[in-house]
Amino acid sequence: MRKTFFILHKYAGLTLGLLLSLIGLTGSLLVFDHVLDETLEPHTVAFRPSARPATYAEVLDAARAAMPGNPAPTRLMTQRQAGSPHVVRFPTPEGAPGPIEVNVSPTDAEVLSVRGWGTPEYTMTWLYRLHYTLLAGKNGKTVVGLTGLLLMVFCITGAVLWWPKRTRRGKRQWRRAFRIDRNGNRFRFYFDVHKVFGIYFLPVLLMVSFSGVTLVFPTQVEAVVDSLFEVEPRPALPRSRTDSGNPISPDEAVAIGQRAFPGGELKRLYLPRDAGDSYGLTFRARGEAWTNYGASIARVDQYSGELLMTRNVTEIPLGNKILRWQFPLHNGDALGIWGRWLVLISGLVPTLLFGTGIYLWWKKRVLKRNASKIAAKRPTKHPNKHQGKSAEPPNPGSSLAR
């Protein structure tokens, strides 16, 4: 069994390790994607202070006026932290990789930038596309999901191969299994690096790979979770009671939703898509572990202001909580700033493991090739005249013959 796991671990790593490295490196960059974006594009956050913050209606009107053709916005994402802009999203133009996003100052509703999501000019979203779809649409997304499953296989087979064998005295060398020996040769050093980094980051890699698979294959993972824990079906999004009248303002809808989540922080405001649709709001409710993610939702009638539905993530069944936790776990947000750094570092580990694994594989091939040359040059023994027998060939089980 151990030999089978070794073969699976080795050849899967050699064939797909480079792809895993690419996904891991881009994932590390995306842990602090908004901070990097604001650093790379400082003009998107350069706004003037104001005594009165702009209303959501003013922000939406300013963003709409900056768009050719005056299209209707689909959502507003509130500023992530002090100094960040509000982001207003519009539908995806035909042939474009993603929607249009308009950064708007939260103080005076000044339009700071208009960018196409997923384009090379919008660097961090282009990296997101590379990480999530390999720039290949749905097919690339499926490949990324399957690669996440492969990473879980790597973790399991690697743990089996790492597990210390018993010595002649029947003991396992646990201390040696967690330590890098710097006094040995280079091969031993790289072997220890590969082994120790792999086992130390095993829990994080399993968490990141499972959460990534959940994001790519949500229906399939939900079915698996439902077989183990209680999962409530996703409720149908309620529509407004009527499709006529004077709609309430976005700010009124936010105030109504806020009353359902006292102390909560609005993260996203979804605008009605048609005359019969309702406002959708996501909040980071009190008690939610993450910072930049809103998992509690509310729906508000766009005419009467009636609160049509609420769903507090802290009060849903365990199976639903497990599913809701996957996205903030994937980027480390659920674990705070130290969790983000941990996920960032773990994204570099596949590259380290691939590099050390390639070295170990190549070095073994060189040693076997040299051993074969030495064996081929060894002089052949002639038959013994006295015994009348030919000399025996080299022992095929010897280190040289191997």
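According to full-length UniProt numbering, the sequence shown holds residues 1 to 402 in order. Glycine included, every Cβ here is placed at the ideal spot set by N, Cα and C. All values derive from a computational prediction rather than experimental measurement.
Range covered by the alpha helix (DSSP H) that runs through residue i
{"i": "H194", "result": "R186 to Y200"}
{"i": "T242", "result": "Run containing T242: none; DSSP gives neither H nor E here."}
{"i": "Q220", "result": "P218 to L228"}
{"i": "L348", "result": "G336 to K377"}
{"i": "W174", "result": "W174 to A177"}
{"i": "E232", "result": "Note, E232: premise wrong, no alpha helix (DSSP H); not H, not E."}
{"i": "P250", "result": "P250 to A260"}
7 angstroms Cβ shell around residue i - same chain, five flanking residues per side excluded
{"i": "L14", "result": "W361"}
{"i": "G294", "result": "K267, R268, T282, F283 and R284"}
{"i": "F191", "result": "L360"}
{"i": "N103", "result": "T44, P85, V87, L112 and S113"}
{"i": "P68", "result": "none"}
{"i": "L205", "result": "L151, C155, S346 and V349"}
{"i": "A66", "result": "V102, V111 and V114"}
{"i": "E222", "result": "V231 and L323"}
{"i": "E265", "result": "F283 and R284"}
{"i": "E315", "result": "none"}
{"i": "G116", "result": "A96, G98, I100 and Y122"}
{"i": "H9", "result": "F154, T157, G158 and L161"}
{"i": "P396", "result": "At P396 the pLDDT is 40, less than 50, meaning the model places this residue with poor confidence; the figure from the coordinates comes in the next sentence. Excluding sequence neighbours, P396 sits near nothing in its chain."}
{"i": "Y56", "result": "L76, P250, D251, V254 and L269"}
{"i": "F201", "result": "S346 and V349"}
{"i": "K141", "result": "Y132, T133 and V216"}
{"i": "W126", "result": "G118, T119 and P120"}
CB-CB length for residue i against residue j, believed under 8 angstroms
{"i": "L271", "j": "L281", "result": "At roughly 11 angstroms, the Cβ-Cβ gap does not stay under 8 angstroms, so L271 and L281 are not in contact."}
{"i": "V193", "j": "T356", "result": "5 angstroms"}
{"i": "G319", "j": "V225", "result": "5 angstroms"}
{"i": "V31", "j": "L353", "result": "About 19 angstroms separates the two Cβ atoms, so there is no contact after all."}
{"i": "G245", "j": "Y303", "result": "4 angstroms"}
{"i": "L19", "j": "T147", "result": "6 angstroms"}
{"i": "R340", "j": "D333", "result": "7 angstroms"}
{"i": "F229", "j": "I322", "result": "7 angstroms"}
{"i": "S227", "j": "G276", "result": "S227 to G276, Cβ: 36 angstroms. No contact."}
{"i": "G145", "j": "V196", "result": "Wrong, their Cβ atoms sit about 29 angstroms apart, outside the cutoff."}
{"i": "T26", "j": "L130", "result": "5 angstroms"}
{"i": "R166", "j": "R175", "result": "That belief does not hold up - the Cβ atoms of R166 and R175 are roughly 15 angstroms apart, past 8 angstroms."}
{"i": "residue 403", "j": "N292", "result": "Here the chain covers residues 1 to 402 and nothing more, so residue 403 does not appear."}
{"i": "G305", "j": "I248", "result": "5 angstroms"}
Span of the beta strand (DSSP E), counted from its first residue to its last, around residue i
{"i": "F327", "result": "Premise fails: F327 lies in the alpha helix (DSSP H), L318 to H330, not in any beta strand (DSSP E)."}
{"i": "N139", "result": "N139 -> not in any beta strand (DSSP E); alpha helix (DSSP H) instead, spanning G137 to W162."}
{"i": "T282", "result": "Y279 to R284"}
{"i": "K267", "result": "E265 to Y270"}
{"i": "S296", "result": "S296 to V300"}
{"i": "E101", "result": "I100 to V104"}
{"i": "M309", "result": "L307 to R311"}
{"i": "G118", "result": "Careful: G118 lies outside any beta strand (DSSP E) and carries neither H nor E."}
Own chain residues within Cβ distance below 8 angstroms of residue i, not counting five before or after
{"i": "M124", "result": "L29, L30, D33, H34, L36, D37 and L40"}
{"i": "G17", "result": "P350, L353, F354, G357 and I358"}
{"i": "F261", "result": "F283, A285, R286, S296, A298, T310 and N312"}
{"i": "P71", "result": "R64, F90 and P91"}
{"i": "W290", "result": "R284, P328, D333 and A334"}
{"i": "R48", "result": "S105, T107, D108 and E110"}
{"i": "R188", "result": "D181"}
{"i": "S278", "result": "L237, P238, R239, S240, P272, R299, V300, D301, Q302 and L308"}
{"i": "G24", "result": "S346, G347, L348, V349, P350 and T351"}
{"i": "L60", "result": "P73, L76, V88, P250 and L271"}
{"i": "G388", "result": "With a pLDDT of 48 at G388, under the threshold of 50, the predicted position of this residue should be treated as unreliable, and no value is reported."}
{"i": "R179", "result": "D192 and V196"}
Contacts around residue i, its chain only, beta-carbon distance under 6 angstroms, and the 5 residues preceding and following it disregarded
{"i": "R2", "result": "none"}
{"i": "M309", "result": "P238 and R299"}
{"i": "E392", "result": "Caution applies to E392, whose pLDDT of 45 falls short of 50 and renders its modelled position unreliable; the value that the coordinates give is listed next. Answer for E392: no residue qualifies."}
{"i": "G263", "result": "R286"}
{"i": "P317", "result": "E230 and E232"}
{"i": "A177", "result": "P164"}
{"i": "L135", "result": "R129"}
{"i": "R50", "result": "Residue identity check: residue 50 is Ser in the sequence provided, not Arg. Result list for S50: T107 and D108, in chain order."}
Please give the ranges of any beta strand (DSSP E) in the region 11-96, keeping only runs that are unbroken, at least 3 residues long and fully inside the region. Listed in chain order, they are 75-77 and 86-90.
Taking three-plus beta-carbon pairs below 8 angstroms as touching, is the region 4-11 in contact with the region 149-162? With a cut-off of 8 angstroms on Cβ pairs, the region 4-11 is in contact with the region 149-162, counting three or more such pairs.
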